[in-house]
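J.: Pasting a structure below so you can have a look.
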Amino acid sequence: MATDLAPPPARAASKPGRRRRPGLGAALARYRWLYLMLLPGVVYFALFKYLPMYGITIAFQDFLPFLGYSGSPWVGFQHFQDLFTGPDFGRLMFNTLFLALLTVVFIFPAPIIVALLLNELRINVLKRWVQSVMYIPHFLSWTIVASLTYLLFSADYGVLSGWIRDILGDTAKIDYVAQEEWFRPLIILQQMWKLTGWGTIIYLAALAGVDPQLYEAARMDGAGRFRQLWHVTLPAIRPTIVVMAILTSGNLLDTGFEQIWLMTTSLNRSVADVFDTYVYYTGITQGAISYSTAVGLFKGVVGCILIFGSNWLAKRLGQRGLL
29 MATDLAPPPA RAASKPGRRR RPGLGAALAR YRWLYLMLLP GVVYFALFKY
79 LPMYGITIAF QDFLPFLGYS GSPWVGFQHF QDLFTGPDFG RLMFNTLFLA
129 LLTVVFIFPA PIIVALLLNE LRINVLKRWV QSVMYIPHFL SWTIVASLTY
179 LLFSADYGVL SGWIRDILGD TAKIDYVAQE EWFRPLIILQ QMWKLTGWGT
229 IIYLAALAGV DPQLYEAARM DGAGRFRQLW HVTLPAIRPT IVVMAILTSG
279 NLLDTGFEQI WLMTTSLNRS VADVFDTYVY YTGITQGAIS YSTAVGLFKG
329 VVGCILIFGS NWLAKRLGQR GLL
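If you want the numbering used here, it's the 1-based position in the sequence shown plus 28.
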């Protein structure tokens with residue numbers, strides 16, 4: 029009887045081991061719909077972003093179309109040397125960096141400011157109406173934006189320039205779209221009008237995730253609207269601002285070809301020439317394919333360096349980066 033009531037012998041303790049991860053096939057089967065949604069994006073980047081990178085090799089060749097990639101003679105870094113020692117490099121770099129500086133100062137903070145102002149609106153109908161009106165310019169092409177600019181600021185038939193001339197007299201007749209000193213202000217105004225409304229979407233989404241209890245606690249401590257904005261709202265969206273700043277830094281030399289090209293005239297070309305338009309002029313109109321590829325590769329390498337550098341700096345300052 030005693031032996032029947034005795035507890036069964038204890039099993040030998042199993043050795044602790046690592047938990048086996050599911051295989052690749054099991055993960056694909058489990059998340060098949062997510063990977064299926066990811067497939068169009070992967071195909072797009074593979075076909076139109078990564079596959080064409082093979083053409084970068086012509087930056088190190090004296091490329092001749094009838095000889096192809098394999099038959100064209102190699103020249104090494106000759107095209108880069110011609111770029112850095114050429115008479116156009118200093119002017120192109122100054123024009124590009126100056127527009128990039130204006131973009132950082134005026135264009136980058138504009139969506140943040142507008143999003144903060146919209147977040148303070150308490151009338152939802154007015155808020156949605158303002159958002160809808162500000163989103164419309166994003167869907168207009170740069171061709172339409174440039175045409176509107178000519179209709180408003182041209183010396184002959186510009187509406188705004190005509191009003192200015194009526195108020196100040198004929199001495200104020202200025203062709204704003206052709207003068208060098210007005211090229212950069214018009215470019216920044218165009219970008220601000222077209223891009224600001226759409227850029228607020230990201231920051232409004234970040235503001236929607238702020239915990240309302242933080243505002244209640246701040247009000248209980250006696251904080252006004254400005255204090256709540258400074259101590260609650262801005263710290264809450266700081267990670268989003270940092271990420272957008274890192275992404276923007278990679279596009280500092282990418283001023284946009286279409287907008288600049290449409291606003292360039294023979295009178296303002298000295299301040300309008302940037303790397304994007306220079307690649308078009310040298311590669312398409314002059315046929316210097318290898319040289320223009322070297323210019324574009326230089327711009328891309330600088331963009332990558334700026335992205336990784338700004339990401340490193342953000343982490344050094346205690347913020348979350350991209351990687």
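From the three backbone atoms N, C-alpha and C, an ideal C-beta is built for every residue, glycine too.
#1: Tell me the rounded alpha-carbon separation between Leu-214 and Leu-145.
#2: So who's on the other strand from Trp-102, going by DSSP bridges?
#3: Rounded to the nearest angstrom, how far is the Cβ of Tyr-97 from that of Thr-85, given a contact under 8 Å?
#4: So Ile-155 is in the alpha helix (DSSP H); what residue range does that whole segment cover?
#5: Secondary structure at Ser-338, three-state DSSP: helix, strand or coil?
#6: What residue range is occupied by the uninterrupted alpha helix (DSSP H) comprising Phe-117?
#7: Between Trp-157 and Tyr-63, what straight-line distance do the alpha-carbon atoms span, to the nearest angstrom?
#8: Rounded to whole angstroms, how far is the Cβ of Thr-268 from the Cβ of Ile-230, which I believe are closer than 8 Å?
#9: By the DSSP assignment, the alpha helix (DSSP H) with Phe-136 in it spans what residues?
#10: Classify Lys-201 as helix, strand or coil using the three-state DSSP reduction.
#11: Which residue comes first and which comes last in the alpha helix (DSSP H) that contains Ala-233?
#12: In the structure shown, what three-state DSSP assignment does Tyr-185 receive?
#13: Taking the alpha helix (DSSP H) that Glu-286 belongs to, which residues open and close that run?
#14: Taking Cβ positions, are Val-133 and Thr-177 nearer each other than 8 Å?
#15: Restricting to Cα atoms, I'd like to know which of Gly-324, Ala-57, Leu-235 is closest to Gln-141.
#16: Taking Cβ to Cβ, would you say Gly-24 is nearer than 8 Å to Gly-331?
#17: Drop a sphere of 10 angstroms on the beta-carbon of Leu-120, count the other beta-carbons inside from all chains shown, and report buried for 16 or more, exposed for fewer.
#18: If you measure between the beta carbons of Ser-320 and Val-302, is that distance less than 8 Å?
#19: Look at the alpha carbon of Gln-116 and the alpha carbon of Pro-165, and state the distance between them as a whole number of angstroms.
#20: Tell me which same chain residues have a C-beta within less than 8 Å of the C-beta of Arg-348, skipping the five on either side of it?
#21: My guess is that Lys-201 and Arg-212 are in contact by the Cβ rule of under 8 Å, so how many angstroms apart are they, rounded?
#22: Take Ile-274 as the anchor and find which of Pro-240, Ala-233, Arg-150, Leu-334 has the nearest alpha-carbon.
#23: Name the residue from Thr-131, Ser-100, Ser-338 whose alpha carbon lies nearest to the alpha carbon of Leu-223.
#24: Buried or exposed: where does Arg-344 fall if 16 or more other Cβ atoms within 10 Å of its Cβ makes it buried?
#25: The alpha helix (DSSP H) spanning Trp-61 covers which residue range?
#26: Have a look at Gly-180 and Leu-127 and give me their C-alpha separation to the nearest angstrom.
#27: Here's the rule I'm using: 16 or more other beta-carbon atoms within 10 Å means buried, otherwise exposed. How should Lys-77 be labelled?
#28: Here's the rule I'm using: 16 or more other beta-carbon atoms within 10 Å means buried, otherwise exposed. How should Asn-339 be labelled?
#29: Could you tell me the boundaries of the alpha helix (DSSP H) in which Thr-268 lies?
T.: Put simply:
#1: Taking the sequence shown and counting its residues from 1, the one referred to as residue 214 is at position 186. Taking the sequence shown and counting its residues from 1, the one referred to as residue 145 is at position 117. Leu-214 and Leu-145: Cα-Cα distance of roughly 25 Å.
#2: Counted from its first residue, the sequence shown places residue 102 at position 74. Paired residues: Gln-89.
#3: The count along the sequence shown starts at 1 and reaches residue 97 at position 69. The count along the sequence shown starts at 1 and reaches residue 85 at position 57. About 6 Å; that satisfies the 8 Å criterion.
#4: Looking up residue 155 in the sequence shown gives position 127. The question names Ile, yet the displayed sequence has Lys at residue 155. Per DSSP, Lys-155 belongs to the alpha helix (DSSP H) from 152-163.
#5: Along the sequence shown, read from residue 1 onward, the residue named residue 338 stands at position 310. Reduced to three states, the DSSP call for Ser-338 is helix.
#6: On the sequence shown, residue 117 is found 89 positions in, with the first residue counted as 1. From DSSP, the alpha helix (DSSP H) with Phe-117 extends over 117-130.
#7: The residue given as residue 157 occupies position 129 in the sequence shown. The residue given as residue 63 occupies position 35 in the sequence shown. Straight-line Cα distance between these residues: approximately 37 Å.
#8: Walking along the sequence shown from the start, residue 268 turns up at place 240. Walking along the sequence shown from the start, residue 230 turns up at place 202. The Cβ separation is near 6 Å, so the contact holds.
#9: Counting from one through the sequence shown, the residue named residue 136 turns up at place 108. Segment: none, Phe-136 is in no alpha helix (DSSP H) and carries neither H nor E.
#10: The residue given as residue 201 occupies position 173 in the sequence shown. Three-state DSSP puts Lys-201 in coil, outside helix and strand.
#11: The residue labelled residue 233 in the question sits at position 205 within the sequence shown. Here the alpha helix (DSSP H) through Ala-233 covers 211-236.
#12: As a working mapping, residue 185 is identified with position 157 in the sequence shown. Tyr-185 falls in the coil class under three-state DSSP.
#13: Locating residue 286 in the sequence shown gives position 258, where the first residue counts as 1. Residues 285-291.
#14: Translated into the one-based positions of the sequence shown, residue 133 becomes position 105. Translated into the one-based positions of the sequence shown, residue 177 becomes position 149. No, the Cβ-Cβ distance between Val-133 and Thr-177 is not below 8 Å.
#15: Residue 141 sits at position 113 when you count from the first residue of the sequence shown. Note on identity: in this sequence residue 141 is Ile, with Gln being the wrong assignment. Ile-141 has its Cα closest to that of Leu-235, out of Gly-324, Ala-57, Leu-235.
#16: Residue 24 is absent from the structure shown; the chain starts at 29 and stops at 351.
#17: Taking the sequence shown and counting its residues from 1, one reaches residue 120 at position 92. It counts as buried.
#18: In the sequence shown, counting from the first residue as 1, residue 320 sits at position 292. In the sequence shown, counting from the first residue as 1, residue 302 sits at position 274. Not closer than 8 Å, so no.
#19: Residue mapping note: residue 116 aligns to position 88 of the sequence shown, counting from 1. Residue mapping note: residue 165 aligns to position 137 of the sequence shown, counting from 1. According to the sequence as given, residue 116 is Asp; it is not Gln. Those two C-alpha atoms are separated by around 34 Å.
#20: Within the sequence shown, residue 348 is the residue found at index 320, counting from 1. Cβ neighbours of Arg-348 beyond the five flanking positions: Pro-267, Val-270, Val-271, Ala-342.
#21: Mapped onto the sequence shown, residue 201 falls at position 173. Mapped onto the sequence shown, residue 212 falls at position 184. Wrong, their Cβ atoms sit about 21 Å apart, outside the cutoff.
#22: Position 246 of the sequence shown, counted from the start, is the residue given in the question as residue 274. It is Leu-334.
#23: Within the sequence shown, the letter at position 195 stands for residue 223. Leu-223 has its Cα closest to that of Thr-131, out of Thr-131, Ser-100, Ser-338.
#24: As a first step, residue 344 must be located in the sequence shown, where it is residue number 316. Burial call: exposed.
#25: The residue labelled residue 61 in the question sits at position 33 within the sequence shown. It spans 60-73 - the alpha helix (DSSP H) in which Trp-61 sits, taken as one unbroken run.
#26: Position 152 of the sequence shown, counted from the first residue, corresponds to residue 180. Position 99 of the sequence shown, counted from the first residue, corresponds to residue 127. The amino acid at residue 180 is misidentified as Gly; the sequence shows Leu. Their backbone Cα atoms lie some 22 Å apart in a straight line.
#27: As a working note, residue 77 is residue 49 in the sequence shown. Exposed.
#28: Along the sequence shown, one-based indexing puts residue 339 at 311. Buried, by the Cβ-count rule.
#29: Here residue 268 refers to the residue found at position 240 when the sequence shown is read from its first residue. That run of the alpha helix (DSSP H) goes 262-277.
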